[in-house]
Structure formats: structure tokens, C-alpha cells
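In the working numbering, the protein residues as written are 2 to 281.
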């Protein structure tokens, strides 16, 4: 009975302390990479400390500054984990002494505040965003470097052959390309590659205009066929991937489909325009 009385007394004291008007301890901040919206979002938290503040207004400012710094830290950590290719992430540049890390940090420090809130204790939460692509302040601008442009590979067959073998007519009227990778576990990267079934690349960073890639990225990612497919235009060519390779980052299409893509691109140039959508 005495032990039960002590337990009840202990929890009564805890309940009393929690009822006091005291600053609460926030959970740790967080960050995510939203490939559908092509942004990194970070949430930072700052706790008001009346003991160190000159007045309530000063405490609010201190909480806000702490939340901003926390959000910066979360954004930087998230950005450095982004995969540029199937086998390399931004953080890999640390070991090579590359200046990319410093450039990414500079981009993060110019992140945009999209919302901020205060609770009844004066604690602050801040949500900030950094764009993945854009000609000015973006992760792509810091990470992707100019390379010598190469022509798209030639199709392995001509229009007549592909029409005879797979009964497909090359029309030249497509506005973009949708690669349907749904159910295959595709993982987004900043510099994706499309290959045919013989492991030959048909679409990669070197085939594209550098400024265009920096501005809008090589492709967008959509969560399902009901997602945002607008990048591919009003009349997209839709191709089903047969599998994904290289850590599930690169789609592979049937060789006949790859030839069809290349032949259609010779007429409509949707690959040149980066009008490509990967459906996850």
C-alpha cells in the first residue's frame, strides 16, 4: 500500500509540473526532398528562453533565430544526401576536396522561409525551402557542371523496320516522354539515364544543353500516372519500363521502345527539351 501511495504521489507531482506555464522542449527538426515539387523542405525549431532574454520580444527573436539555424542545418544535411547519379551523392565530394559542398551550403543559406509559427510559450517553428533546379539559387547550379555535349545515339533500326517488326508508325507529333516505372521502386536522382535492354544509354546528361538542365532538370518525377505529368505536354509518348538498374535509379526500356523514342525525338525533339517524366 505504501508503494502505491508513493507512485500516485510521484505522478501527481509530474502532472503539476507539466501544467505550469513553462517552455516546452520541441522535437528535433526535419527535412525531406520532394521530387514531385522539386524542392527540399526543412523544418527548424527554436525554444524561447526567458532566463536569457531581456524581455518577451527579445525571447521571441531568439526563438526565431534558433529555428532558422536549425532549419538551415536540416536543409544542409538533406541536400548533401541527394544522389546526383545512381552511385554518387553530394556528400561524396567531401572526400575528394571538391568545392561543391561549400557551394551547396551557400545555396542553403539563401533558403526561402515559407511559414513560421509560435506557440503559447513563445517557441518558434520555421519551414524553409530550397529549389533543386533553377538558373540562380539552386542545388543543380551548385552541383551540375558543364560537360561537352554529345549527340543522341542513333536508333538501331529505321522507321520502316520498326513499323514492320512491332507495328508502330513514327508520327513525329509527340510533345514529351513519360517512362512508366510504377511498381519498380524507382529512386530519383538529379542526373538520370535511360537505357535500352542492351545496356546502351539513350538519354543522359551529356546529350543535353547545360543551361536547360540547370533551369528545369533532366526530368520530373510523378507519384503515379495520376500525378503531375504536365512536363510531357498534351500528347506524350508513354513507354513502360521493363526494369530499373543501378541502385534502382535508371529506367531500362525494351530495345524496340528505345528505338521508337529516338526515332520520334528526331522529328519532335522532346528529349532535347527535357520534356521527360518518370512515373514512380
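Backbone N, C-alpha and C fix where the C-beta goes; we use that ideal spot for every residue, glycine too.
Own chain, CB closer than 8 Å to residue 201, minus 5 neighbours either side, in chain order | The residues are 154 and 259.
Less than 8 Å between the CB atoms is what I'm expecting for residue 215 and residue 204, so what's the real figure, rounded?
-> So it is not a contact: roughly 17 Å between Cβ atoms.
Tell me the start and end of each unbroken alpha helix (DSSP H) in the region 207-245 that is at least 4 residues and wholly inside, in chain order.
-> Within the region 207-245, the complete alpha helix (DSSP H) runs of at least 4 residues fall at 211-217.
What does residue 32 pair with, by DSSP beta-bridge criteria?
-> Beta bridge pairing from DSSP links residue 32 with 43.
Drop a sphere of 10 angstroms on the beta-carbon of residue 39, count the other beta-carbons inside from all chains shown, and report buried for 16 or more, exposed for fewer.
-> The residue in question, residue 39, is buried, as its Cβ has 16 or more Cβ neighbours within 10 Å.
Taking the alpha-carbon positions, what's the residue 137 to residue 181 distance?
-> Between the alpha carbons of residue 137 and residue 181 lies a distance of about 31 Å.
When DSSP builds the beta bridges, which residues end up paired with residue 130?
-> Looking at the DSSP output, residue 130 shares a beta bridge with 42 and 113.
On the DSSP bridge assignment, give the partners of residue 275 in chain order.
-> In DSSP, residue 275 forms no bridge with anything.
Does the beta-carbon distance from residue 71 to residue 30 come in below 7 Å?
-> Yes, the pair counts as a contact, with Cβ atoms nearer than the cut-off.
Exposed or buried, which one is residue 1 when buried takes at least 16 other CB atoms within 10 Å?
-> The chain is shown from 2 up to 281; residue 1 falls before or after that span and cannot be answered.
Residue 181 by DSSP, collapsed to three states: which one?
-> The answer is strand: DSSP assigns residue 181 an E or B state.
How about residue 147 and residue 211: are their beta carbons less than 7 Å apart?
-> For residue 147 and residue 211, yes; Cβs fall inside 7 Å.
Would you decide whether residue 264 is buried or exposed? Buried here means 16 or more other CB atoms lie within 10 Å of its CB.
-> Its Cβ being crowded by 16 or more others within 10 Å, residue 264 is buried.
Would you mind working out which of 53, 41 and 278 sits nearest residue 222, comparing C-alpha positions?
-> Measuring from the Cα of residue 222, the nearest candidate turns out to be 278.
Do the CB positions of residue 178 and residue 271 come within less than 7 Å of each other?
-> Yes. Within cutoff.
Segment contact flag, the region 127-146 with the region 234-245, C-beta cutoff 8 Å, min 3 pairs = Not touching, per the Cβ criterion.
Could you please give the first and the last residue of the uninterrupted alpha helix (DSSP H) stretch that includes residue 266?
-> Membership of residue 266 in the alpha helix (DSSP H) is indicated by the continuous run 256-269.
Would you report the Cα separation of residue 213 and residue 245, rounded to the nearest angstrom?
-> Whole-angstrom Cα-Cα distance: 25 Å.
Is residue 47 near residue 32, with beta carbons less than 7 Å apart?
-> It is not a contact, given that the beta carbons lie outside the stated cut-off.
What number of angstroms, rounded off, separates the C-alpha of residue 276 from the C-alpha of residue 206?
-> For residue 276 and residue 206, the distance between alpha carbons rounds to 14 Å.
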